[in-house]
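Here the protein sequences come in this chain order: A and B.
Position one of the first sequence corresponds to residue 1016 (the numbering used here), numbered consecutively onward.
Position one of the second sequence corresponds to residue 1016 (the numbering used here), numbered consecutively onward.
Just below is one structure, and these are the notes that go with it.
Number of protein chains: 2
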Amino acid sequence: MAHYDLIVVGSGPGGYEAAHKAGQLGKTVLVIEKDALGGVCTNWGCIPTKSLLNSAKLYEHALHSQAKGVITTGVSFDLAAAMKWKQDTIDTLQKGIAYLMKSSDVDVLFGEAIGNRDGSITVDGISYTGEAIIIATGSSSAMIPIEGAQLDHVVTSTEILSVERLPEHLAVIGGGVIGVEFAALFSTLGVKVSVIEMTDEIIPMADKEIAKLLRREMKSVDFYLSARVVKIDEKHVFFIDKDGKERTVESDLVLMSTGRMPNTALAEQLGVFIDRRAVVVDDVLKTNIPNVYAIGDVNGKSLLAHSASRMAEVAVNNLYGDTSQRMRYDAIPWAVYTQPEVAGCGLSESEALRRGYNVKCASRQMRSNGRFLAENGKKASGLCTVVVDGETRVILGIQMIGPYASEMIHAAAVIIESELRVDEIAEVVFPHPSVSEVVKETILSLK
Amino acid sequence: MAHYDLIVVGSGPGGYEAAHKAGQLGKTVLVIEKDALGGVCTNWGCIPTKSLLNSAKLYEHALHSQAKGVITTGVSFDLAAAMKWKQDTIDTLQKGIAYLMKSSDVDVLFGEAIGNRDGSITVDGISYTGEAIIIATGSSSAMIPIEGAQLDHVVTSTEILSVERLPEHLAVIGGGVIGVEFAALFSTLGVKVSVIEMTDEIIPMADKEIAKLLRREMKSVDFYLSARVVKIDEKHVFFIDKDGKERTVESDLVLMSTGRMPNTALAEQLGVFIDRRAVVVDDVLKTNIPNVYAIGDVNGKSLLAHSASRMAEVAVNNLYGDTSQRMRYDAIPWAVYTQPEVAGCGLSESEALRRGYNVKCASRQMRSNGRFLAENGKKASGLCTVVVDGETRVILGIQMIGPYASEMIHAAAVIIESELRVDEIAEVVFPHPSVSEVVKETILSLK
């Protein structure tokens, strides 16, 4: 029976990062992957969606840039080419991960990992043992059990990434990040899109004002909030709207984006404690079983690729000597790659109030920002909001809707993680002309 | 004779910011502007160039996005439309500044300010006195005195912003930021562009490696380095190349982008001390005359719009009570809006070595970054470099070439101004997938 210092199950952004780091430390490491290197993020999540959303953005720009001087006589979208570009991106990244594993002497094994009660793991009838195990098995799309959910044209975010032709009407069930990004993608490509969301607003972690602005900017999408889907048939989705009225939307393709469920099978086989359908971990990602850690979506703490990578760092550091690091969840950025983009980091106003802070808030329109205007015009909307602790003047949260939000938000992570104060940011010089200036202006307005 | 608490001469990003801030503090303020509100930045600098560069970027995307699925026919560039969009942006921002002045009760006077030895300032024969004066008169394009420089087709960055038709051959004399941005703009629009630079590399503040990458990415531009222009005629620019050989390039338009000279006339009239053609100021922007400050390009310290705005904050704070702030120049970001963009903040490796630091450096290609690949493909180049103090592990400088650099670099300003260390950034979570991840990876490689 092959023995390793560390067995990592799952090669997503948590798993491959953990394996690579441990390998670099000279440990013998085995990674077990049941499907494709990179996991959901690389193959059916972050990467393919961003590739296609970028294609859609370029398509929209090609269609609508006359006022800025770009004239075209014909613009069309070649879905097969966009899909090929997406696949090339995935292939390149997969190769990169394979190379990373090789360069840090990590063994990679493809197959389904079965956990045994003695702590060993079996793949295709062969068992492996590890001094330590990191469970990084990720999550899967959750399906809601409604009539018609099993129909062929009802898909998850995985299958929809391989459609070969555009539908006429797409119905998106669930207005979280995944649902909204696909709604943006398909509506930009000319598909009539309806989003049906159970709660009273899309993008739950966004400030209501920002989520509302996003809905307003996604003009061609019909949003139904506080709406409950009851049935799907070949051509329609039936739902109860916010007023209790029965409604239908047409749809020849239905995306079920109603959340994700941790893949806990392996953890359960190993006897790890599960609560509320996720593996229970402490702040260094330890489970109840000695030397068994669980990182990424499977522990349900923060279902984001970069959270998983950070958990990998904390878990491996903890395993191999640096026990000073703890997983913190208050400065993890998030981004929605719609047009405009939405991003945030830290506490929202309501969360800060709930935690008892003496909250001070400010928000600024981007409309007076030079670069924003130069690139988007005065009718475009963009907004930045900042939440501050009124006592210490430490910045607790930053959110924004506008261009480049996804590439600006890491600065918010630096600010919030470092507990910087309003007066400290006041002395930082931001580049002109850049949309980022609005962040400083919003913070300055709290001075 | 009208008397004010503060007279500000010049309404660029230094002047209008100073006037606005003082007005908000309840001071009586007069701003004198000889031309247009917003100064060079708004009218003939940052803003119009970024507007046109954005149009050029959209044009290039419309031409070359087939591999990503965007098929176009009949793509052409409508220069008049792009110019109109640019002018609309300027008009909107000018109105914004006018509104800002009004909202903070600042008087605005248009005309040329003449300084008098008694400290008063005369405009159109009427004199004004101020308890304090802020000189924010900016700078002008420097012309090098060579044969042919007076010809009609030899222009500065001001006139070139109003060309009504594209030239066939543009020769750019000077490969600094201004020259390179115009080279990028015109070459993207199909003009054959030559850049003739006196030193051995373009973009003086950039790391050599980054500047070289930018030249490589600007494939259609001919760069002549270590080259000295000797003569211009109706159709050519004559220069001595790096090997001492006489050469010519064709050009029906010549851009003279050979630096900028502080506008010191007013300062001289007021009797302010000038050295090396710039107004001498201390670290709170005071000149040798009590209550006379000089901010922005006129003091020659840092010829950037955002430096001027920061100087405005420091000068006004110092004038009206908060004497704790000092002008620092080590964490001022800069950006070049080419494709790809280039940006930096803090010390370059050579500057850090010159100052005696035990320098540690790292650089990372962007090629393994998911978003970079998804949007640019594996042949595109992008690079991030980081300079660290080997003793304290404080991050001293960050530079990058790649998409979104101009919107990412404010995070570097936060990091460097706050003197954050490698180990602190190691615990910050950066969003995935974003190009910004490369910054963390580069820093981590110094761990």
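Backbone N, C-alpha and C define an ideal beta-carbon position, used for all residues, glycine too.
Quick check on residue i: does DSSP put it in helix, strand or coil?
| i | result |
| --- | --- |
| residue 1375 of chain A | strand |
| residue 1211 of chain B | strand |
| residue 1269 of chain B | strand |
| residue 1016 of chain A | coil |
| residue 1288 of chain B | coil |
| residue 1158 of chain B | coil |
| residue 1275 of chain A | strand |
| residue 1311 of chain B | helix |
| residue 1415 of chain B | strand |
| residue 1354 of chain B | coil |
| residue 1165 of chain B | coil |
| residue 1081 of chain A | helix |
| residue 1325 of chain B | helix |
| residue 1458 of chain A | helix |
| residue 1436 of chain A | strand |
| residue 1380 of chain A | strand |
| residue 1385 of chain A | helix |
| residue 1339 of chain B | coil |
For residue i, return the contacting residues in chain E, with the cut-off set at a CB-CB distance below 7 Å.
| i | result |
| --- | --- |
| residue 1091 of chain A | No chain E appears in the structure shown, which is made up of the protein chains A and B. |
Going by beta carbon distance, what residues of the same chain come within less than 7 Å of residue i, once the five residues before and after it are set aside?
| i | result |
| --- | --- |
| residue 1386 of chain A | 1448, 1449, 1450 |
| residue 1544 of chain B | Chain B is shown only over 1016 to 1462; residue 1544 of chain B falls outside these bounds and no answer can be derived. |
| residue 1265 of chain A | 1184, 1250, 1251 |
| residue 1157 of chain B | 1273, 1274, 1275, 1276 |
| residue 1254 of chain A | 1211, 1239, 1242, 1243, 1244, 1245, 1262 |
| residue 1104 of chain A | 1062, 1066 |
Excluding five sequence neighbours on each side, which residues of the same chain lie with their C-beta closer than 6 Å to the C-beta of residue i?
| i | result |
| --- | --- |
| residue 1356 of chain B | 1420, 1421 |
| residue 1192 of chain A | 1351 |
| residue 1230 of chain B | 1238 |
| residue 1436 of chain A | 1408, 1409 |
| residue 1303 of chain B | 1288 |
| residue 1423 of chain A | 1451 |
| residue 1404 of chain A | 1372, 1411 |
| residue 1340 of chain A | 1329, 1332 |
| residue 1125 of chain A | 1048 |
Have a look at the options and flag the residue whose alpha-carbon is nearest the alpha-carbon of residue i.
| i | options | result |
| --- | --- | --- |
| residue 973 of chain A | A/1095, A/1085, A/1176, A/1039 | Any question about residue 973 of chain A goes unanswered here, given that chain A covers just 1016 to 1462. |
| residue 1091 of chain B | B/1397, B/1122, B/1078 | B/1078 |
| residue 1348 of chain A | A/1332, A/1378, A/1443, A/1431 | A/1431 |
| residue 1070 of chain A | A/1147, A/1055, A/1101 | A/1101 |
| residue 1099 of chain B | B/1179, B/1115, B/1165, B/1243 | B/1179 |
| residue 1240 of chain B | B/1246, B/1248, B/1223 | B/1223 |
| residue 1444 of chain A | B/1374, B/1426, B/1052 | B/1426 |
| residue 1055 of chain A | A/1359, A/1213, A/1312, A/1232 | A/1312 |
| residue 1401 of chain B | B/1363, B/1213, B/1370 | B/1363 |
| residue 1168 of chain B | B/1084, B/1247, B/1227, B/1072 | B/1247 |
| residue 1057 of chain A | A/1174, A/1112, A/1084 | A/1112 |
| residue 1048 of chain B | B/1116, B/1417, B/1308, B/1329 | B/1116 |
| residue 1107 of chain A | A/1159, A/1052, A/1075, A/1083 | A/1052 |
| residue 1327 of chain A | A/1392, A/1036, A/1017 | A/1036 |
Please report the distance separating the alpha-carbon of residue i from that of residue j.
| i | j | result |
| --- | --- | --- |
| residue 1137 of chain A | residue 1059 of chain A | 26 Å |
| residue 1171 of chain A | residue 1194 of chain A | 10 Å |
| residue 1415 of chain B | residue 1221 of chain B | 9 Å |
| residue 1176 of chain A | residue 1389 of chain B | 15 Å |
| residue 1460 of chain B | residue 1377 of chain B | 7 Å |
| residue 1383 of chain B | residue 1374 of chain B | 26 Å |
| residue 1236 of chain B | residue 1029 of chain B | 34 Å |
| residue 1413 of chain A | residue 1457 of chain A | 9 Å |
| residue 1142 of chain B | residue 1122 of chain B | 15 Å |
| residue 1135 of chain A | residue 1380 of chain A | 56 Å |
| residue 1267 of chain A | residue 1199 of chain A | 17 Å |
| residue 1433 of chain A | residue 1360 of chain A | 13 Å |
| residue 1307 of chain B | residue 1325 of chain B | 17 Å |
Go through its chain and collect everything with a Cβ distance to residue i's Cβ below 8 Å, but skip five positions before and after it.
| i | result |
| --- | --- |
| residue 1367 of chain A | 1374, 1402, 1404, 1411, 1412 |
| residue 1283 of chain B | 1130, 1289 |
Checklist line | Cβ contact check for the stretch 1332-1345 of chain A and the stretch 1178-1187 of chain A: 3 or more pairs under 8 Å | finding: no
Below 8 Å, can you find three or more Cβ-Cβ pairs linking the stretch 1123-1130 of chain A to the stretch 1289-1299 of chain A? no
Exercise. Is it true that the stretch 1386-1403 of chain B meets the stretch 1355-1369 of chain B, where meeting means three or more beta-carbon pairs spaced less than 8 Å apart?
Worked result: yes
Whether or not the stretch 1021-1035 of chain A and the stretch 1141-1150 of chain A are in contact is what I'm after, with contact meaning three or more pairs of Cβ atoms, one per stretch, closer than 8 Å; do they touch? yes
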